[in-house]
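**Student:** Note that full-length UniProt numbering numbers the sequence shown so that position 111 is 111, with each residue one more than the last.
Glycine residues also receive a C-beta, built at the ideal position from the N, C-alpha and C atoms.
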Amino acid sequence: MSYQQEYKHSIESPEKFWAEKAADLAWFKPPSSILSTDENGMAQWFADGEMNTCYMALDHHVKNGRGDQLALIYDSPVTELKSRFTYQELRDNVATFAGVLKQYGVDKGDTVIVYMPMISEAIIAMLAVARLGAVHSVVFGGFSAHELAVRIDDVQPKLVVTASCGVEINRIIEYKPMVDEAIVLAKHKPQHVILLQRQQCIASMQAVRDIDWQDALFSARPADCVAVKATDPLYVLYTSGTTGKPKGVVRDNGGHAVALKYSMSAVYNLKPGDVFWAASDVGWVVGHSYVVYAPLLHGCTTIVYEGKPVRTPDAGAFWRVVEEYNVKAIFAAPTAFRAIRKEDPEAKLLANYNIDCLETIFMAGERLDPPTYEWTFKKTGKPVVDHWWQTETGWAICANLMGIEALPVKAGSATKPVPGFNIQVLDPYGKPLPANTQGAIVLKLPLPPSCLATIWGNFDRFSDGYLTEFPGYYSSGDGGYIDEDGYLFIMGRTDDVISVAGHRLSTGEMEEILAAHNAVAECTVIGVYDSIKGQVPVGFALLKDGADISAAALQTELVAMVRKEIGALACLKQVIVVPRLPKTRSGKILRKVLRQIADNEEFTVPSTIDDPASVAEIKDIMRSSGLVKE
């Protein structure tokens, strides 16, 4: 079936389409009701189906002869530890830890916070919670005590599962003191903390409340899978909110499993037994979907990597993992490849490894700029697939479906809508826009399986944030356009379109131009207040290692490039060279914070920031450059 046939089938006959995909999974009770609505009028998929996600991901494969196949590979260059689990071994470890959770009171529908580094036990904990029909909420390991306390109060977990520490390149991050402080700060008090002691740091324990992971395993009896409804929640994952208060995205069991299983073959072109590596953390949605659930649902081998794309030990780290484990497809954020490009511009380290096994490189999490796409494609010789999705959807909204029909690539585009997603581009009044015209990117309701139906405990917040701006549509918050061939181009968040003397200009388009300069490793453009023009663009550029050019010369060349490509109306006159850009841990540049600093506005540094010191650093640079006036 061609892409067009597949997509048309999903839009014109959604119930038949998704019933076919649901049949690929091992249900306890197959659904007869495919699409219905909940009490809030939102789509609910497979409402009368009964299942268990952990069973589908582990027990089903063991029962069907895949018990000896590798399920999970743990690779930690920061601790120099490696381990492997077959499906049988992973199922047994998960069942035993589920027995620990059950022994300490976790039942169907209860919530459990998992606050752990990228180690195999984090995946075991998540699957164990799912095995009991409970709901996990993974909090990125190393988040501050305050941020953890906010999540404890919102999701109200029965217990917290954590580790003594996280290990990074040159430091140990102690988790237990932050967990202790968070519980003091929180109004809700979890009954227990289950703690995995790591040899790099032994944490102190509180009597009665704290449980040692290893000690608890000795007395635990393996727990069976608990049946849940397809519409029961599997997890709550927090994403940044515009108010500064995080939003708990709720993912159901049934739609999530069906969509992810389908995506592994349709989007990623993988078969059971293939090795898939999502170079992400389980604290993010990519980690949930494509480190843990999708590969295991599909019978693949997944990799848990406790390291970085560079400096663990060098910019050849990714290529080493690909060769060592025979990786067929890798999925990472563009920022990872920009980091590799910055430290190894000519990809000399790639020559040390054989990556013939690698068929496709997938990128998502932020906009894939054409220079990064072109560098990665040129240096590796592998297809580079950009795809666009959100925490709220849990899987790709737009992609080049490598398992259906690989379409011609257009640099800067995430290609075409994934089956099930009806994407439209609207003007501020909700009217559809013609091809090649930028506007707000929206999804026509009902949303396909795996998409959120609410925010944890607050449907009004979900409705106000996503459904009210364009009635009948889900507002993605991203802006862009669809070209004459139906290709979608994401140009950034809708608030990244600036108005310069009445001209609406995309900062994403300017970033493309700056990034094309051979000395620029990474960049961003923001709009700052101007008393005459309303806004003017200002660029920030991070240089490649070894680049031999002065800041003044670079600014002159970049301004000239933008003037040539867009015209004088762009009014880009200032480009500031910086040592780094403030980012979230998932690689998103904090453009809004940069704008607020430049405009002397109050701002809140989001909890997801990678290094809080980067904000103070960039503020000093902006002040010394004259951009920020005292």
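Do the segment 474-492 and the segment 529-547 touch if we need at least three Cβ pairs shorter than 8 Å?
**Tutor:** no
**Student:** Taking the alpha-carbon of residue 151 as reference, which of 171, 112, 420 has the nearest alpha-carbon?
**Tutor:** 112
**Student:** For residue 130, which three-state DSSP category applies?
**Tutor:** In the structure shown, residue 130 sits in a helix (DSSP, three-state: H, G or I).
**Student:** Report the three-state DSSP secondary structure of residue 203 (helix, strand or coil).
**Tutor:** coil
**Student:** What's the C-alpha gap between residue 174 and residue 375?
**Tutor:** 38 Å
**Student:** According to DSSP, simplified to helix, strand and coil, what is residue 355?
**Tutor:** coil
**Student:** Identify whether residue 198 lies in helix, strand or coil by the three-state DSSP scheme.
**Tutor:** strand
**Student:** For residue 242 and residue 326, what's the separation of their Cα atoms in angstroms?
**Tutor:** Low confidence applies to residue 242: its pLDDT is 49, below 50, so where it sits in the model is not reliable, and the reading given next is rough at best. Going from the Cα of residue 242 to the Cα of residue 326 covers about 41 Å.
**Student:** Measure how close the beta-carbons of residue 270 and residue 256 come, nearest whole angstrom, since I'm counting them as under 8 Å.
**Tutor:** Between residue 270 and residue 256, the beta carbon gap of about 18 Å keeps them out of contact (Cβ cut-off 8 Å).
**Student:** Where does residue 375 fall in DSSP's three states?
**Tutor:** helix
**Student:** Could you check whether the Cβ of residue 436 sits closer than 7 Å to any heavy atom belonging to the ligand ADP?
**Tutor:** The ligand ADP is absent from the structure shown, which contains no ligand whatsoever.
**Student:** Mapping DSSP to helix, strand and coil, what is residue 24?
**Tutor:** coil
**Student:** With DSSP run on the structure shown, which of helix, strand or coil describes residue 417?
**Tutor:** strand
**Student:** What residue range does the beta strand (DSSP E) around residue 464 cover?
**Tutor:** No beta strand (DSSP E) holds residue 464; the alpha helix (DSSP H) holding it covers 459-466.
**Student:** By how many angstroms is the C-alpha of residue 379 removed from the C-alpha of residue 186?
**Tutor:** 49 Å
**Student:** If contacts are defined as beta-carbon pairs under 8 Å, then residue 196 and residue 164 qualify, I think. What distance do you get, rounded to the angstrom?
**Tutor:** 7 Å
**Student:** Can you list, in chain order, the residues of its chain with a C-beta nearer than 8 Å to that of residue 354? Leave out the 5 residues immediately preceding and following it.
**Tutor:** 323
**Student:** I'd like to know whether the C-beta atoms of residue 442 and residue 459 end up nearer to each other than 8 Å.
**Tutor:** no
**Student:** Return the residue from the list 37, 537, 162 that minimises the CA-CA distance to residue 454.
**Tutor:** Nearest of 37, 537, 162 to residue 454, Cα basis: 37.
**Student:** Can you give the beta carbon distance from residue 627 to residue 574, rounded, assuming they're within the 8 Å contact cut?
**Tutor:** 7 Å
**Student:** So, helix, strand or coil for residue 621, using DSSP?
**Tutor:** Here residue 621 sits in helix by DSSP.
**Student:** Count the other CB atoms within 10 Å of the CB of residue 300; is the residue buried (16 or more) or exposed (fewer)?
**Tutor:** buried
**Student:** Which same chain residues, not among the five before or five after residue 143, have their C-beta less than 7 Å away from its C-beta?
**Tutor:** 607
**Student:** Based on Cα-Cα distance, which residue from 402, 119, 138, 64 lies nearest to residue 74?
**Tutor:** 119
**Student:** How would you call residue 623, buried or exposed, if buried means at least 16 neighbouring beta carbons within 10 angstroms?
**Tutor:** exposed
**Student:** Could you tell me which residues DSSP pairs with residue 540 in its beta bridges?
**Tutor:** 524, 576
**Student:** Less than 8 Å between the beta carbons of residue 132 and residue 101, yes or no?
**Tutor:** yes
**Student:** Which one or two residues does DSSP pair with residue 442 in a beta bridge?
**Tutor:** 424, 475
**Student:** Between residue 317 and residue 363, how many whole angstroms is the CB-CB distance? I'm expecting something under 8 Å.
**Tutor:** Actually they are not in contact, since the Cβ atoms of residue 317 and residue 363 sit about 17 Å apart, beyond 8 Å.
**Student:** Is residue 243 helix, strand or coil by DSSP?
**Tutor:** Note that residue 243 scores a pLDDT of 49, beneath 50, so its modelled location is shaky; the value from the coordinates is reported in the next line. Coil.
**Student:** Would you mind working out which of 448, 477, 589 sits nearest residue 490, comparing C-alpha positions?
**Tutor:** Out of 448, 477, 589, 477 has the C-alpha closest to the C-alpha of residue 490.
**Student:** Roughly how many angstroms lie between the CA atoms of residue 278 and residue 290, to the nearest whole one?
**Tutor:** The C-alpha of residue 278 lies about 6 Å from the C-alpha of residue 290.
**Student:** Can you name, in chain order, every residue of its own chain whose Cβ lies under 8 Å from the Cβ of residue 597, other than the five neighbours on each side?
**Tutor:** 603, 615, 618, 619, 622, 628
**Student:** For residue 75, which beta-bridge partners are listed by DSSP?
**Tutor:** 82, 305
**Student:** Residues in the same chain with beta-carbon distance under 6 Å from residue 33, minus the five sequence neighbours each way, listed in chain order, please.
**Tutor:** 47, 48
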